[in-house]
Amino acid sequence: MNLTALQWRTAPGAATKVTDGKRYAWLMSVVYPLAPVYAIGMHAWTGREAWLLAPLVFAYVLVPLLDLAFGEDRSNPPDAVVPELQKDRYYRILTWITVPLHVIALIVACSYFVVGDLSLFAMLVLAVTTGLYSGLSVNTGHEMGHHRHPIDQALTRVALAVPAYGHFTVEPASFRSCSSAPRGTRAMSPPPPSSPRASATSAWS
């Protein structure tokens with residue numbers, strides 16, 4: 067689907083054209099999970115342990131400064147057109163690609179932690195960096211978990227396995243069931259996996 071041709075109604079008889087000016091900028095989301103790998107590569111090349119701090123500096127210093135400089139993004143489309151935008155497989159594929167990259171980053175970081183010639187300081191920094199960027203896969207898994215496509219459902223579980231947070235696939239549904247149950251009563255248990263109701267829902271709906 068060509069987003070530059072997408073339109074939605076803002077009022078009777080009026081239409082507004084959607085243009086995703088950041089369409090190709092979203093490609094940056096694909097390389098972001100590999101930040102620990104870039105840092106490891108620079109450390110292996112130069113021998114400077116300061117490179118292992120780069121992902122942390124980027125996440126906690128550079129990104130907040132950029133956010134402050136650019137301010138609020140007012141170019142996001144309204145909720146009314148989100149279902150149409152979700153039909154564009156370009157965004158879905160970008161999300162799918164990030165999952166194996168999270169896995170690769172975790173494997174590379176753990177391997178380098180073992181075989182790399184690292185000081186105690188470098189080992190601690192690498193552990194924190196790996197934990198931070200592995201934790202970001204929870205965001206990816208959470209978003210994909212709302213979709214019922216089999217690929218989304220499978221990759222959701224892979225993404226949540228990276229930070230050892232696989233139980234998140236049942237937490238949101240369990241929380242909603244318990245919070246919506248009348249006080250003093252027991253929340254209804256989820257349907258068995260083989261039931262039609264269970265097969266028609268997402269990972270946590």
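The numbering used here puts the first residue of the sequence shown at 67, with every later residue one more than the last.
Backbone N, C-alpha and C define an ideal beta-carbon position, used for all residues, glycine too.
Predicted model, so just to flag it, every value in this text is computed and none were measured.
| request: Would you tell me roughly how many angstroms separate the C-alpha atoms of Leu118 and Ala146, rounded to the nearest one? | output: Here residue 118 refers to the residue found at position 52 of the sequence shown. Here residue 146 refers to the residue found at position 80 of the sequence shown. When rounded, the distance between both Cα atoms is 43 Å.
| said: Just to check my reading of the structure: Val96 and Leu192 have Cβ atoms closer than 8 Å, yes? What is that Cβ distance to the nearest angstrom? | reply: Counting from 1 along the sequence shown, the entry for residue 96 is found at position 30. Counting from 1 along the sequence shown, the entry for residue 192 is found at position 126. Not quite, the Cβ-Cβ distance comes to about 22 Å (not below 8 Å), so this is no contact.
| query | Using DSSP with H/G/I as helix, E/B as strand and the rest coil, what is Ser200? | reply | For the purposes of this step, residue 200 is taken as residue 134 along the sequence shown, with counting starting at 1. Look at Ser200 here: in three-state DSSP terms it is helix.
| query | By a C-beta neighbour count over all protein chains shown, 10 Å radius and 16 as the cutoff for buried, is Ala110 buried or exposed? | reply | Counting from one through the sequence shown, the residue named residue 110 turns up at place 44. Of the residues assessed, Ala110 falls on the exposed side of the cut-off, its CB having fewer than 16 other CB atoms within 10 angstroms.
| message | On the DSSP letters alone, give me the boundaries of the alpha helix (DSSP H) that Gly107 sits inside. | response | Here residue 107 refers to the residue found at position 41 when the sequence shown is read from its first residue. Note, Gly107: alpha helix (DSSP H), 101 to 112.
| Same chain only: Cβ atoms within 8 Å of Leu122, ignoring 5 sequence neighbours per side | On the sequence shown, residue 122 is found 56 positions in, with the first residue counted as 1. Val191, Val194, Thr195, Leu198, listed in sequence order.
| said: By alpha-carbon positions, which one of Ala188, Tyr126, Ile170 ends up nearest to Val224? | reply: On the sequence shown, residue 224 is found 158 positions in, with the first residue counted as 1. Of the listed residues, the one whose Cα sits closest to Val224 is Ile170.
| task | Would you kindly work out how many angstroms separate the C-alpha atoms of Gly107 and Gly113, rounded to a whole number? | result | Sequence index remark: in the sequence shown, residue 107 carries index 41 (1-based). Sequence index remark: in the sequence shown, residue 113 carries index 47 (1-based). Pairing Gly107 with Gly113, the inter-Cα distance amounts to about 10 Å.
| Using 8 Å as the threshold, is the segment 99 to 106 in touch with the segment 168 to 183, meaning 3 or more CB pairs across them? | With a cut-off of 8 Å, the segment 168 to 183 and the segment 99 to 106 count as touching, because enough Cβ pairs lie within range.
| In this structure, does DSSP put Pro144 in helix, strand or coil? | Taking the first residue of the sequence shown as position 1, residue 144 is located at position 78. Correct three-state label for Pro144: coil.
| task | Give the straight-line distance between the Cα atoms of Pro143 and Pro149, rounded to the nearest whole angstrom. | result | On the sequence shown, position 77 is the one that residue 143 refers to. On the sequence shown, position 83 is the one that residue 149 refers to. Taking the straight line from one Cα to the other gives about 11 Å.
| query | So Pro102 packs on Leu167, CB below 8 Å; how close in whole Å? | reply | Mapped onto the sequence shown, residue 102 falls at position 36. Mapped onto the sequence shown, residue 167 falls at position 101. Between the beta-carbon of Pro102 and that of Leu167 there is about 11 Å, and that puts the pair past the 8 Å contact cut.
| Under the rule that 16 or more other beta-carbon atoms within 10 Å means buried, what is Tyr126, buried or exposed? | The residue you call residue 126 lines up with position 60 of the sequence shown. With fewer than 16 other Cβ atoms within 10 Å, it is exposed.
| message | Buried or exposed for Pro229, going by 16 or more other Cβ atoms inside 10 Å? | response | Numbered from 1 along the sequence shown, position 163 holds the residue referred to as residue 229. Result: buried.
| task | Would you mind sorting Tyr90 into buried or exposed? The rule is 16 or more other CB atoms within 10 Å of its CB. | result | To locate residue 90, count along the sequence shown from 1; it is residue 24. Result: exposed.
| So, using beta-carbon positions, are Trp162 and Leu221 closer together than 9 Å? | Taking the first residue of the sequence shown as 1, we reach residue 162 at position 96. Taking the first residue of the sequence shown as 1, we reach residue 221 at position 155. Yes, these two residues count as a Cβ contact at 9 Å.
| task | Go through its chain and collect everything with a Cβ distance to Thr206's Cβ below 6 Å, but skip five positions before and after it. | result | Position 140 of the sequence shown, counted from the first residue, corresponds to residue 206. So the qualifying residues of the chain are Thr164, Ala225.
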